[in-house]
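Q:
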Ligand code: NAD
């Protein structure tokens, strides 16, 4: 249960490892380990059966030193303030690693969207937007989709905000439909970034992705796109799992057909020509690459010893607990941390925000080319930092991020 988890504690542990190596100033340390703003709202919604339900929503702006807060909104029964704060902190480090002019934020609503109608979801989104409206805006805080939210939710958010401020404000959210100021390439951006990082890591580790065996946990926006792009490059996606079940085929799954099947059935379970597989079995597979692209805390001390992959690319946020990460590092498994591996989404979100503010839109190949350049640059800087300090990629990424935020914090000085 989320209330028993301590995702924020896991984030702090990661932060502290890098901050110690950097010999971070104790005052800056204090600033960077506290959320700047945490908003809790109650959102009453009249449900289709006439009853009124009150949903709890959160928005955390963890740090806004580099620019407006940036981060998704999650709809899930397990959402908690602890989780949202951790995700907001990770967004801070992610934006800094990718060198974007953004701070970190995150939002969430405790709800089960699978049990709600479109009308109920729209009402909830609009009420949540209205409740946090003073805190968001193109210069303040720019939300985006996350687990169980999508382009439509962003369209409702943007419309509600625009109605309140009296003009169309496209740049208040990213991940919008392309017809209303969204960026080409945004939907695929996180998965594309995961593909780029997997490719660069394999190059560094000296193995080819052609014929490489890949297992993917989670087949949503991130997992399905990463799987598809890697399959296009010749990798064999042997296993995919989701909330319900999983599928395995030693010869490689047909990812295009699996995407079509998943769209129709809302699960990969029962995909023809594949064996059934559980999440636990997925982690035990003899694969070259493992891509956790579902939720936090999936690789833990309970299953880390089963892992045989030589490369783990964290598509999800926080999928590996700190203790499990230590084991992986000690056993020579190359782990690319979430704040680098899944930064493709926020990078193209940044491109979307820039395009909205210019009122000038780029071609998809321009977006992908700029994403490619940003991801490769971030990978290179983190790799060099990790080598310089003789640490793993996670600590390397934190060193890069903390250093950037700390430098600007010092330059801006203390306002009191
Ligand atoms: P999504 O809702 O599109 O897909 C989530 C997938 O995970 C679904 O296939 C779901 O069935 C599966 N899943 C859920 N619970 C599971 C479980 N217990 N075991 C196995 N599979 C499970 O979400 P998404 O946008 O693809 O996000 C996935 C992860 O990536 C999250 O951690 C999110 O924070 C992170 N992320 C997303 C983006 C983005 O742009 N969408 C960007 C950066 C990071």
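Numbering (our numbering), first residue to last: 28 to 443. The beta carbon of each residue, even a glycine, is placed where N, CA and C say it ideally should be.
Is the beta carbon of residue 326 less than 7 Å from the beta carbon of residue 347?
A: By 1-based counting over the chain shown, the position of residue 326 is 299. By 1-based counting over the chain shown, the position of residue 347 is 320. Going by C-beta atoms, residue 326 is nearer than 7 Å to residue 347.
Q: In whole angstroms, what separates the C-alpha of residue 412 from that of residue 142?
A: Walking along the chain shown from the start, residue 412 turns up at place 385. Walking along the chain shown from the start, residue 142 turns up at place 115. So the two alpha carbons sit approximately 46 Å from each other.
Q: So does residue 398 have its beta carbon nearer than 6 Å to some heavy atom of the ligand MG?
A: In terms of ligand content, the structure shown lacks the ligand MG and carries the ligand NAD instead.
Q: May I have the straight-line CA-CA distance separating residue 239 from residue 307, to the nearest angstrom?
A: Counted from its first residue, the chain shown places residue 239 at position 212. Counted from its first residue, the chain shown places residue 307 at position 280. Roughly 21 Å between the two C-alpha positions.
Q: Is residue 152 helix, strand or coil by DSSP?
A: One-based indexing of the chain shown puts residue 152 at position 125. Residue 152 falls in the helix class under three-state DSSP.
Q: Between the region 430-438 and the region 48-67, can you find at least three pairs of beta-carbon atoms closer than 8 Å?
A: Touching, yes.
Q: Whether or not the region 371-383 and the region 111-129 are in contact is what I'm after, with contact meaning three or more pairs of Cβ atoms, one per stretch, closer than 8 Å; do they touch?
A: At 8 Å Cβ cutoff, the stretches touch.
Q: So residue 335 and residue 312 are supposed to be a Cβ contact under 8 Å. How far apart are they, rounded?
A: Numbered from 1 along the chain shown, position 308 holds the residue referred to as residue 335. Numbered from 1 along the chain shown, position 285 holds the residue referred to as residue 312. Yes, they are in contact, since the Cβ atoms of residue 335 and residue 312 sit about 7 Å apart, within 8 Å.
Q: Touching or not, the region 99-108 and the region 394-408, by the rule of three or more beta carbon pairs under 8 Å?
A: Short answer: they don't touch.
Q: So, are the CB atoms of residue 246 and residue 177 less than 7 Å apart?
A: One-based indexing of the chain shown puts residue 246 at position 219. One-based indexing of the chain shown puts residue 177 at position 150. No. Outside cutoff.
Q: Confirm, please, whether the CB-CB distance from residue 383 to residue 187 is below 7 Å.
A: Position 160 of the chain shown holds residue 187. Position 356 of the chain shown holds residue 383. Not closer than 7 Å, so no.
Q: So, do the region 109-121 and the region 78-95 have three or more beta carbon pairs nearer to each other than 8 Å?
A: The answer is yes - the region 78-95 touches the region 109-121, with three or more Cβ pairs under 8 Å.
Q: Taking the beta carbon of residue 67 as the centre, do at least 16 other beta carbons fall within 10 Å, making it buried, or is it exposed?
A: Within the chain shown, residue 67 is the residue found at index 40, counting from 1. Answer is exposed; the Cβ neighbour count stays below 16.
Q: DSSP has residue 371 in a bridge; who is on the other side?
A: As a first step, residue 371 is located in the chain shown; it is residue number 344 there, counting from the start. DSSP output for residue 371 lists no bridge partner at all.
Q: Between which two residues does the beta strand (DSSP E) holding residue 276 run?
A: Indexing the chain shown from 1 puts residue 276 at position 249. No beta strand (DSSP E) holds residue 276; DSSP gives it neither H nor E.
Q: Quick one: what does DSSP say residue 145 is sitting in, helix, strand or coil?
A: For this step, residue 145 is matched to residue 118 along the chain shown. The answer is helix: DSSP assigns residue 145 an H, G or I state.
Q: Quick one: is the Cβ of residue 313 within less than 6 Å of any heavy atom of the ligand NAD?
A: Taking the chain shown and counting its residues from 1, the one referred to as residue 313 is at position 286. Every heavy atom of the ligand NAD is 6 Å or more from the Cβ of residue 313, so no.
Q: Going straight from the alpha carbon of residue 210 to that of residue 156, what length do you get?
A: Translated into the one-based positions of the chain shown, residue 210 becomes position 183. Translated into the one-based positions of the chain shown, residue 156 becomes position 129. Taking the straight line from one Cα to the other gives about 22 Å.
Q: Cβ atoms of residue 428 and residue 123: under 7 Å apart, would you say?
A: Walking along the chain shown from the start, residue 123 turns up at place 96. Walking along the chain shown from the start, residue 428 turns up at place 401. Yes, the pair counts as a contact, with Cβ atoms nearer than the cut-off.
Q: Assuming contact is defined by CB atoms lying nearer than 7 Å, are residue 318 and residue 243 in contact in what I supplied?
A: One-based indexing of the chain shown puts residue 318 at position 291. One-based indexing of the chain shown puts residue 243 at position 216. Yes, the Cβ-Cβ distance between residue 318 and residue 243 is below 7 Å.
Q: Expressed to the nearest angstrom, what Euclidean distance is found between the alpha-carbon atoms of residue 199 and residue 62?
A: The residue labelled residue 199 in the question sits at position 172 within the chain shown. The residue labelled residue 62 in the question sits at position 35 within the chain shown. One C-alpha to the other measures close to 21 Å.
Q: Report yes if the CB atom of residue 264 is closer than 7 Å to the CB atom of residue 286, and no otherwise.
A: In the chain shown, residue 264 corresponds to position 237, counting from 1. In the chain shown, residue 286 corresponds to position 259, counting from 1. No; because the gap between Cβ atoms is not below 7 Å, this pair is not in contact.
Q: Rounded to whole angstroms, what is the Cα-Cα separation between residue 388 and residue 398?
A: Here residue 388 corresponds to residue number 361 of the chain shown, with the count starting at 1. Here residue 398 corresponds to residue number 371 of the chain shown, with the count starting at 1. About 15 Å.
Q: Considering only their Cβ atoms, is the gap separating residue 366 from residue 329 smaller than 7 Å?
A: Along the chain shown, one-based indexing puts residue 329 at 302. Along the chain shown, one-based indexing puts residue 366 at 339. Their beta carbons are not under 7 Å apart, which means residue 329 does not touch residue 366 by this criterion.
Q: Are residue 85 and residue 135 closer than 7 Å when you measure CB to CB?
A: The residue you call residue 85 lines up with position 58 of the chain shown. The residue you call residue 135 lines up with position 108 of the chain shown. Cβ distance < 7 Å, so residue 85 and residue 135 count as in contact.
Q: Please tell me whether residue 222 and residue 256 are closer than 7 Å, where the distance is taken between their beta carbons.
A: Along the chain shown, one-based indexing puts residue 222 at 195. Along the chain shown, one-based indexing puts residue 256 at 229. Taking 7 Å as the Cβ cut-off, residue 222 and residue 256 qualify as a contacting pair.
Q: Have a look at 396, 373, 266 and 41 and flag the residue whose alpha-carbon is nearest the alpha-carbon of residue 250.
A: Numbered from its first residue, the chain shown carries residue 250 at position 223. It is 266 whose Cα lies nearest to the Cα of residue 250.
Q: Let me check understanding here. Comparing Cα to Cα, which of 33, 144, 46 and 231 lies closest to residue 73?
A: Against the chain shown, residue 73 aligns to sequence position 46. Comparing Cα-Cα distances from residue 73 to each of 33, 144, 46 and 231, the minimum goes to 144.
Q: Three-state secondary structure (DSSP) at residue 90?
A: The count along the chain shown starts at 1 and reaches residue 90 at position 63. In this structure, residue 90 counts as strand in the three-state DSSP scheme.
Q: Can you tell me whether residue 438 is buried or exposed, with buried defined as 16 or more other CB within 10 angstroms of its CB?
A: Along the chain shown, read from residue 1 onward, the residue named residue 438 stands at position 411. By the neighbour-count rule (16 or more Cβ atoms within 10 Å), residue 438 is not buried but exposed.
Q: Report yes if the CB atom of residue 202 is closer than 7 Å to the CB atom of residue 370, and no otherwise.
A: By one-based count along the chain shown, residue 202 stands at place 175. By one-based count along the chain shown, residue 370 stands at place 343. Going by C-beta atoms, residue 202 is not nearer than 7 Å to residue 370.
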